[in-house]
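Trainee: Let me give you the structure first, and then I'll get to my questions.
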Amino acid sequence: MKKEIRAIHNAVYDPIADLKTWRAMPTQSINNLDPFLFLNHHGPQEYGPNNNGLPFGPHPHRGFETLTFVLHGDITHKDSVTGESVITKGGIQWMTAGSGLIHAEVSSDDFKKNGGKEEVIQLWFNLPSHLKMTEPKYIGLQKEKIPIVKTEDGLGEVQMVSGEFNNVEGPVKSLTNLFTSTITLKAGGNFQKSMSEGSQVLLYVINGKIEINNQEVSTHQLIELTQEGDEIIFEALEESILIFCFGKPFNEPIFAHGPFVMNTAEEINQAIMDFQSGKLGSMNL
Numbered sequence: 001m002k003k004e005i006r007a008i009h010n011a012v013y014d015p016i017a018d019l020k021t022w023r024a025m026p027t028q029s030i031n032n033l034d035p036f037l038f039l040n041h042h043g044p045q046e047y048g049p050n051n052n053g054l055p056f057g058p059h060p061h062r063g064f065e066t067l068t069f070v071l072h073g074d075i076t077h078k079d080s081v082t083g084e085s086v087i088t089k090g091g092i093q094w095m096t097a098g099s100g101l102i103h104a105e106v107s108s109d110d111f112k113k114n115g116g117k118e119e120v121i122q123l124w125f126n127l128p129s130h131l132k133m134t135e136p137k138y139i140g141l142q143k144e145k146i147p148i149v150k151t152e153d154g155l156g157e158v159q160m161v162s163g164e165f166n167n168v169e170g171p172v173k174s175l176t177n178l179f180t181s182t183i184t185l186k187a188g189g190n191f192q193k194s195m196s197e198g199s200q201v202l203l204y205v206i207n208g209k210i211e212i213n214n215q216e217v218s219t220h221q222l223i224e225l226t227q228e229g230d231e232i233i234f235e236a237l238e239e240s241i242l243i244f245c246f247g248k249p250f251n252e253p254i255f256a257h258g259p260f261v262m263n264t265a266e267e268i269n270q271a272i273m274d275f276q277s278g279k280l281g282s283m284n285l
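Positions 1 to 285 (the UniProt record's numbering) are the ones given, in order, by the sequence shown.
Now the structure itself:
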């Protein structure tokens, strides 16, 4: 049975410093899609030579995971636990904040010197209560390390980050069995995927236009689907790029405060105290 559309949400333009940003979630129309908490679409925009780069200096996290898709440009990741890496166009960064760390996501020295096109998608997804304090971990993968799988009609490609599609598994082993991917479809291309009943889908149009369940959805729109149903089918009306993820909801209390996502106010207060006392580590750019 196909999943039905509950709502189509427009991303809100909400720039950060000089960085063009569309926030698809949370907004006034949608708070979260358990277990998916947050989606920011940065760019695309052109940076000139001798620019300041991305504005995400050192800040703490606890209680969830982040997945960053580098569509254009690059990102230099630094944190207080795992070190540093530079991921370029087509690559991804997956960070398990878990019990907590301090990290920064900035542009490389080369990008700041020479400029170029930058476009990034960042997702936050929750961790269940029993994994909130898991050990922090970071995985950075360049484009060539991420498998590309053709769709059945040959008109699309699925970049597999975690989960399985057409007997190909993504390189990241999700702690919560999430399926995460980007999909590129030529005009007329179809995508179809089955999943277990009760799965929550996150489907966001980065660029282009698709038709799903006889409704058109286009750039900067997030599709909210029912948990009921075990199949999703859509067609590209023009060349399109999408974020497609799904996973099982946790159905647990979500208590979020800035960079911390826990289950109770007491846990948030503890996270703040641990950060202020230096227990999440320290770092300098």
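By construction, the Cβ of each residue, glycine as well, lies at the ideal position given by its N, Cα and C atoms.
Count the CB pairs spanning the stretch 216 to 224 and the stretch 189 to 206 that are closer than 8 Å, and state whether there are at least three.
Mentor: yes
Trainee: Can you tell me which of P171, E157 and L39 puts its alpha carbon nearest to the alpha carbon of G163?
Mentor: Along the sequence shown, one-based indexing puts residue 163 at 163. Of the listed residues, the one whose Cα sits closest to G163 is P171.
Trainee: Count the CB pairs spanning the stretch 250 to 257 and the stretch 124 to 137 that are closer than 8 Å, and state whether there are at least three.
Mentor: Yes: at least three Cβ pairs fall under 8 Å.
Trainee: Under the three-state reduction of DSSP, which class applies to E267: helix, strand or coil?
Mentor: Position 267 of the sequence shown, counted from the first residue, corresponds to residue 267. If DSSP states are grouped into helix, strand and coil, E267 belongs with the helices.
Trainee: How close, in whole Å, do the beta carbons of G140 and H77 come, if the pair is a contact with beta carbons under 8 Å?
Mentor: Position 140 of the sequence shown holds residue 140. Position 77 of the sequence shown holds residue 77. Going by Cβ atoms, the distance from G140 to H77 rounds to 6 Å, so yes, they are a contact pair.
Trainee: Under 7 Å, do E119 and I75 count as touching if we go by C-beta distance?
Mentor: Translated into the one-based positions of the sequence shown, residue 119 becomes position 119. Translated into the one-based positions of the sequence shown, residue 75 becomes position 75. No; because the gap between Cβ atoms is not below 7 Å, this pair is not in contact.
Trainee: At which residues does the beta strand (DSSP E) containing N214 begin and terminate?
Mentor: In the sequence shown, counting from the first residue as 1, residue 214 sits at position 214. Counting along the chain, N214 falls outside any beta strand (DSSP E), and DSSP gives it neither H nor E.
Trainee: Find out if the Cβ-Cβ distance for the pair S194, E231 is shorter than 7 Å.
Mentor: Here residue 194 refers to the residue found at position 194 of the sequence shown. Here residue 231 refers to the residue found at position 231 of the sequence shown. Yes, these two residues count as a Cβ contact at 7 Å.
Trainee: Count the CB pairs spanning the stretch 91 to 102 and the stretch 5 to 14 that are closer than 8 Å, and state whether there are at least three.
Mentor: no
Trainee: For P60 versus I102, is the C-beta spacing smaller than 7 Å?
Mentor: As a position in the sequence shown, residue 60 is number 60, starting the count at 1. As a position in the sequence shown, residue 102 is number 102, starting the count at 1. Yes. Within cutoff.
Trainee: Return helix, strand or coil for I254, following the three-state DSSP convention.
Mentor: Here residue 254 refers to the residue found at position 254 when the sequence shown is read from its first residue. Note: I254 maps to coil in three-state DSSP.
Trainee: If E224 and L37 are in contact, beta carbons under 8 Å, what's the gap, nearest whole angstrom?
Mentor: Position 224 of the sequence shown, counting from 1, holds the residue named residue 224. Position 37 of the sequence shown, counting from 1, holds the residue named residue 37. Actually they are not in contact, since the Cβ atoms of E224 and L37 sit about 14 Å apart, beyond 8 Å.
Trainee: Name the residue from Q276, T151 and S196 whose alpha carbon lies nearest to the alpha carbon of M1.
Mentor: Reading the sequence shown from its first residue, position 1 is the one you call residue 1. Of Q276, T151 and S196, the residue nearest in Cα terms is S196.
Trainee: Keeping to the same chain, check which residues put their C-beta closer than 8 Å to that of I254; ignore five residues upstream and five downstream.
Mentor: Numbered from 1 along the sequence shown, position 254 holds the residue referred to as residue 254. These residues qualify, in order along the chain: N32, D34, L37, N126, V261 and N263.
Trainee: Identify the continuous beta strand (DSSP E) that holds N114 and give its terminal residues.
Mentor: Position 114 of the sequence shown holds residue 114. Counting along the chain, N114 falls outside any beta strand (DSSP E), though it belongs to the alpha helix (DSSP H) covering D109 to N114.
Trainee: Starting from E105 and walking both ways along the beta strand (DSSP E), at which residues does that stretch end?
Mentor: Along the sequence shown, read from residue 1 onward, the residue named residue 105 stands at position 105. Residues L101 to V106.
Trainee: Sort Q45, P26 and Y138 by Cα distance to F175 and report the nearest one.
Mentor: Residue 175 sits at position 175 when you count from the first residue of the sequence shown. Sequence inspection shows Leu at residue 175; the Phe mentioned does not correspond to that position. The option with the nearest alpha carbon to L175 is Y138.
Trainee: Are G116 and G73 touching if we call contact CB-CB under 7 Å?
Mentor: By 1-based counting over the sequence shown, the position of residue 116 is 116. By 1-based counting over the sequence shown, the position of residue 73 is 73. The answer is yes: Cβ separation under 7 Å.
Trainee: Taking 7 Å as the cut-off, decide whether the C-beta atoms of G156 and G188 are in contact.
Mentor: For the purposes of this step, residue 156 is identified with residue 156 of the sequence shown, where counting begins at 1. For the purposes of this step, residue 188 is identified with residue 188 of the sequence shown, where counting begins at 1. No. Outside cutoff.
Trainee: Report buried or exposed for M273, applying the criterion of at least 16 other Cβ atoms within 10 angstroms of its Cβ.
Mentor: Here the question's residue 273 lines up with position 273 in the sequence shown. Flag for M273 reads exposed.
Trainee: Please look up how many angstroms separate the CB atoms of N166 and V149, rounded, as I've assumed it's under 8 Å.
Mentor: Within the sequence shown, numbered from 1, the residue matching residue 166 stands at position 166. Within the sequence shown, numbered from 1, the residue matching residue 149 stands at position 149. Confirmed, about 5 Å.
Trainee: With 16 as the cutoff for other CB atoms within 10 Å, does E266 come out buried or exposed?
Mentor: Here residue 266 refers to the residue found at position 266 when the sequence shown is read from its first residue. By the neighbour-count rule (16 or more Cβ atoms within 10 Å), E266 is not buried but exposed.
Trainee: Can you tell me the Cα-Cα spacing of L185 and A236, whole angstroms?
Mentor: The residue labelled residue 185 in the question sits at position 185 within the sequence shown. The residue labelled residue 236 in the question sits at position 236 within the sequence shown. Their Cα atoms are separated by approximately 6 Å.
Trainee: Using DSSP with H/G/I as helix, E/B as strand and the rest coil, what is Q227?
Mentor: Along the sequence shown, read from residue 1 onward, the residue named residue 227 stands at position 227. The answer is coil: DSSP assigns Q227 none of H, G, I, E or B.
Trainee: Just checking my contact of I146 with I92 at CB under 8 Å: how many whole Å lie between their CB atoms?
Mentor: Position 146 of the sequence shown holds residue 146. Position 92 of the sequence shown holds residue 92. Contact holds; Cβ gap of about 6 Å.
Trainee: In angstroms with no decimal places, state the Cα-to-Cα distance between L67 and P58.
Mentor: Within the sequence shown, residue 67 is the residue found at index 67, counting from 1. Within the sequence shown, residue 58 is the residue found at index 58, counting from 1. Answer to the nearest angstrom: the Cα atoms are 17 Å apart.
Trainee: Measure the alpha-carbon distance for N213 versus I233 and round it to whole angstroms.
Mentor: Working through the sequence shown from its first residue, we reach residue 213 at position 213. Working through the sequence shown from its first residue, we reach residue 233 at position 233. Those two C-alpha atoms are separated by around 8 Å.
Trainee: Near T27, what residues of its chain come up, given a Cβ to Cβ distance below 6 Å and the 5 sequence neighbours on each side ignored?
Mentor: One-based indexing of the sequence shown puts residue 27 at position 27. Excluding positions up to five away in sequence, the list reads V12.
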